[in-house]
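To keep things clear, I will list the structure first and then write my remarks on it.
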Amino acid sequence: MGDRAKVWPRRVASITCVAVVVACSLPKLPALSDGGVALPSCGSGSGICLALLAGGIGGPGNVDGTGSAARFQDPKGMAVDAAGNIYVADFGNDVIRKITPAGVVTTFAGMTGVAGSADGTGSAAQFGGAFALAADAAGNFWVADYLDTIREVTPDGTVTTIAGVAGMEGSADGTGSAALFAVPEGIAVDGSGNIWVADTANYVIRMVTPAGVVTTVAGRAGATGITDGTGSAARFEFPTNLAVDPSGNIYISDTQAATIRKMTPQGDVSTFAGLGGVTGSTDGVGSAARFSSPYGLAFDAAGNLFVADANNWAVRKITPSGLVSTFVGTAAAPGSADGTGSAARFDSPTTIAIDAAGNLYVGDAYAETVRKVTPAGVVTTLAGLAQAEGSADGVGSAALFAAPGGVGVDGAGTVYVADVQNSTIRTIAPSDMVSTLAGSAGITGSADGTGASARFFDPESVAVSGSGVAYVADSENHTIRAVTPQGVVTTLAGLARNAGSADGVGSGARFNLPYDTALDGSGNVYVVDASNTVREITPDGTVTTIAGSPGMAGSSDGTGSAARFHAPHGVTVDAAGNLYVTDAGNYTIRKIAPGGVVTTLAGSAGTYGSADGTGSAALFAGPSGIAVDAAGNLYVCDNPNATIRKITPAGAVTTIAGTAGVKTIKLGTSPGFSYPKRVAIAGDSLVITDSNAVLVLEHALQ
15 MGDRAKVWPR RVASITCVAV VVACSLPKLP ALSDGGVALP SCGSGSGICL ALLAGGIGGP
75 GNVDGTGSAA RFQDPKGMAV DAAGNIYVAD FGNDVIRKIT PAGVVTTFAG MTGVAGSADG
135 TGSAAQFGGA FALAADAAGN FWVADYLDTI REVTPDGTVT TIAGVAGMEG SADGTGSAAL
195 FAVPEGIAVD GSGNIWVADT ANYVIRMVTP AGVVTTVAGR AGATGITDGT GSAARFEFPT
255 NLAVDPSGNI YISDTQAATI RKMTPQGDVS TFAGLGGVTG STDGVGSAAR FSSPYGLAFD
315 AAGNLFVADA NNWAVRKITP SGLVSTFVGT AAAPGSADGT GSAARFDSPT TIAIDAAGNL
375 YVGDAYAETV RKVTPAGVVT TLAGLAQAEG SADGVGSAAL FAAPGGVGVD GAGTVYVADV
435 QNSTIRTIAP SDMVSTLAGS AGITGSADGT GASARFFDPE SVAVSGSGVA YVADSENHTI
495 RAVTPQGVVT TLAGLARNAG SADGVGSGAR FNLPYDTALD GSGNVYVVDA SNTVREITPD
555 GTVTTIAGSP GMAGSSDGTG SAARFHAPHG VTVDAAGNLY VTDAGNYTIR KIAPGGVVTT
615 LAGSAGTYGS ADGTGSAALF AGPSGIAVDA AGNLYVCDNP NATIRKITPA GAVTTIAGTA
675 GVKTIKLGTS PGFSYPKRVA IAGDSLVITD SNAVLVLEHA LQ
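Residue numbers are given in the numbering used here: position 335 of the sequence shown equals residue 349, and the series is strictly consecutive.
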């Protein structure tokens, strides 16, 4: 977890539509709820409106709001001011957020989604990924920034860099910009105003005086280990978070060592709890206790130390005598459930802060929420809405998915979903009932067979015929599979776990991480994969390359192998046999006419953005899923922009739903998206996968 992990779907692509699909329609959707949150219904109006078909709408985003209306993206650090306001280092959004005691979330400093290292006030400041926060007695905040700097944030939101040089990794003591850090992840402030830093990638603990003078107090840069000792004789395995007790001793989460270390202000290091390198979840005293990826630390007024034990999905309590107990949550039981003590569930708690009343605030990183824990161990969700992830069949929001990708619709209105991380193919009937058609959730492999006996490995897309045969890009198996409506799975082309880019028949062909499939009226299947090519598979399994050259990235128009693509992610085909490809790495939409002639329909190669317009005047930021209607209009999931774009046959681009850069799934007549991935057409509506949800954008084609 020391690596920076921006949330961006692993791969994004889409599903095509055939003529019989365009004529189908979806049922009216019932009233649903998500995690106890009422979801708006589109009702019977004729205007564009976003509704939940199945799954849950929680998860990552960047929206201010109250309680469950707010969205976070990987909360990494927290601090509390004297008034009880909570400040959150919203790492994935590159900002500092503020949460009032009533749960009202605003952006305090930085600009959402704009990474950098600019000093300034409020949105004029930029962070390169805020890892950790600490507050001093005067109400100032100190930030450990991923870009190798230590920043100060005053109560009015003015940000100043006090030590380190942005983007210049190193290990040098000195004053201000003369000092160098390497991915500092932890920060704490003592009673004298000294700032203590876990300089994680250097494996040392540093001190920064109020004047900005940096010294290394314990550990030696570049030398890892789990050795107690004084100063440079001590060794840390991977120090991440810090807390200071009333006596000025510094406590350190040595995360990969699965221990809590104690250091005096003079640099004497000892192991306070846990046994170096031995993970587990055992309560006990000192070295008898076990942790698994301990991260955030915070002291209460009585001197108890609370630990966010991330991979145990729990918050642990350590008394001053070193007795470790599990305060809330249950080891080996991840989730996101409010409750008391062991009945509560967390999904990778990584940061903790505590207020004057003894309430804990926990950043639940994978749930993308901030939780409140009373001194009695009662856990509630203060802000954000957890991802509802899993594999459960059921109706509407009772069903669970894990990063659903490709989506398609057959002639009867049944929706097919490639449930990527569950490695299954799911269906949603016109009754809204979600069922698992093929594969077994969480069991990867490559086996032909029927229903649960079949195996997939990260199936990315489905292209569905009018009769309900689904053609699946089984990505990690490097194969194209066929699934009948009865769940009978066969391999059409490619050889499981053998990557390549060879034309041939059936298992003699090779694919490299196929991303998307499309199906024409003659039963030909079209595939885009990581080799930067577009392939065709005839009904007898013969594979040929129709555009691009294997392994050759670029943005050249041309015929057949003379054309170049860069990370094509989606493909669809119209009634005339023209193919359309979302060329994600070039930020463009490409057209392939019969005969393999490739042209750029919309977007400007190498220019990232969000602008409506015609042809190269339009801008995209990572187009993924794509579908075409009977009139030849294209519908594109512009994933990083969180929007749905429409492109006419003449190349005129408009944004029909979502607001560029505003990431949250918002149902109703002012739609919003988090990370829309794939799209299919059903009647006058679009079916869209986003996060762990399957959505319907009603009346989008009108």
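Positions of the beta carbon are idealized from the N, C-alpha and C atoms, including for glycine.
Since this is a predicted model, take the numbers as computed values, not measurements.
{"Item": "DSSP has F86 in a bridge; who is on the other side?", "Value": "Paired residues: none, contrary to the question."}
{"Item": "Taking C-alpha atoms, which residue in T505, A532, T531 lies nearest to S521?", "Value": "T505"}
{"Item": "Where does F634 fall in DSSP's three states?", "Value": "strand"}
{"Item": "What does the alpha-carbon distance come out to for the pair A5 and K605?", "Value": "No statement about residue 5 is possible, as the shown extent of the chain runs from 15 to 716 and does not include it."}
{"Item": "How big is the Cα-Cα spacing for F305 and G665?", "Value": "57 Å"}
{"Item": "Can you tell me which of the three DSSP states A152 falls into?", "Value": "coil"}
{"Item": "Taking a contact to mean a Cβ-Cβ separation below 8 Å, would you say R275 touches T678 in this structure?", "Value": "no"}
{"Item": "Does the structure place the stretch 205 to 213 close enough to the stretch 238 to 246 that three or more beta carbon pairs sit under 8 Å?", "Value": "no"}
{"Item": "Thinking V557 and A507 are a contact (beta carbons under 8 Å), I'd like their distance in whole angstroms, please.", "Value": "5 Å"}
{"Item": "Among the residues of its own chain, which have a CB less than 8 Å from the CB of D588, if the five just before and after it don't count?", "Value": "Y594, V642, G646"}
{"Item": "Measuring only the C-alpha atoms, how far is A426 from D571?", "Value": "38 Å"}
{"Item": "Taking C-beta to C-beta, are A232 and A248 nearer than 8 Å?", "Value": "yes"}
{"Item": "How big is the Cα-Cα spacing for N208 and M566?", "Value": "53 Å"}
{"Item": "Should G620 be labelled buried (16 or more other beta-carbon atoms within 10 Å of its own) or exposed?", "Value": "exposed"}
{"Item": "Which full runs of the beta strand (DSSP E) of 3+ residues lie inside the stretch 479 to 525, going along the chain?", "Value": "484 to 488, 493 to 497, 502 to 507"}
{"Item": "For T662, name the three-state secondary structure that DSSP assigns.", "Value": "coil"}
{"Item": "For N326, which of helix, strand or coil comes out of DSSP?", "Value": "helix"}
{"Item": "Determine whether the beta carbon atoms of G568 and Y601 lie at a separation below 8 Å.", "Value": "no"}
{"Item": "Report back the beta-carbon spacing between I658 and L711 to the nearest angstrom; my notes put them in contact at under 8 Å.", "Value": "7 Å"}
{"Item": "T703 and G686 look like a contact to me (Cβ under 8 Å); what is the Cβ gap, rounded to whole Å?", "Value": "About 15 Å separates the two Cβ atoms, so there is no contact after all."}
{"Item": "For S699, which residues of its own chain have a beta-carbon under 8 Å away from its beta-carbon, when the five flanking residues on both sides are left out?", "Value": "S39, L40, V710, L711, E712, H713, A714, L715"}
{"Item": "My output table needs one value for S284: the three-state DSSP class, helix, strand or coil.", "Value": "strand"}
{"Item": "For a test of the three-state rule: what should DSSP assign to A714, helix, strand or coil?", "Value": "coil"}
{"Item": "Give the DSSP-derived three-state secondary structure of S131 in the structure shown.", "Value": "coil"}
{"Item": "Tell me the DSSP secondary structure of V434 in three-state form.", "Value": "helix"}
{"Item": "Count the other CB atoms, across all protein chains shown, that sit within 10 Å of the CB of Q500; report buried if there are 16 or more and exposed otherwise.", "Value": "exposed"}
{"Item": "State the start and end residues of the unbroken beta strand (DSSP E) segment that holds C651.", "Value": "648 to 652"}
{"Item": "Please work out which residues of its chain come closer than 7 Å, Cβ to Cβ, to D517, disregarding the five sequence neighbours upstream and downstream, and give them in chain order.", "Value": "A523, V557, T558, T559"}
{"Item": "Measuring only the C-alpha atoms, how far is G599 from T614?", "Value": "13 Å"}
{"Item": "How far does the beta strand (DSSP E) with F122 in it reach, from first residue to last?", "Value": "118 to 123"}
{"Item": "Beta strand (DSSP E) containing M566: first to last residue?", "Value": "Note, M566: premise wrong, no beta strand (DSSP E); not H, not E."}
{"Item": "One question on the structure: do S301 and T285 come within less than 8 Å of each other, judged by their Cβ atoms?", "Value": "yes"}
{"Item": "So what does A707 bridge to, in DSSP terms?", "Value": "G69, D704"}
{"Item": "Which partner residues of M277 appear in the DSSP bridge assignment?", "Value": "I264, V283"}
{"Item": "If we count the other Cβ atoms within 10 Å of its Cβ and call it buried at 16 or more, is T668 buried or exposed?", "Value": "exposed"}
{"Item": "Quick one: what's S618 bridged to in DSSP?", "Value": "S618 is not bridged to any residue."}
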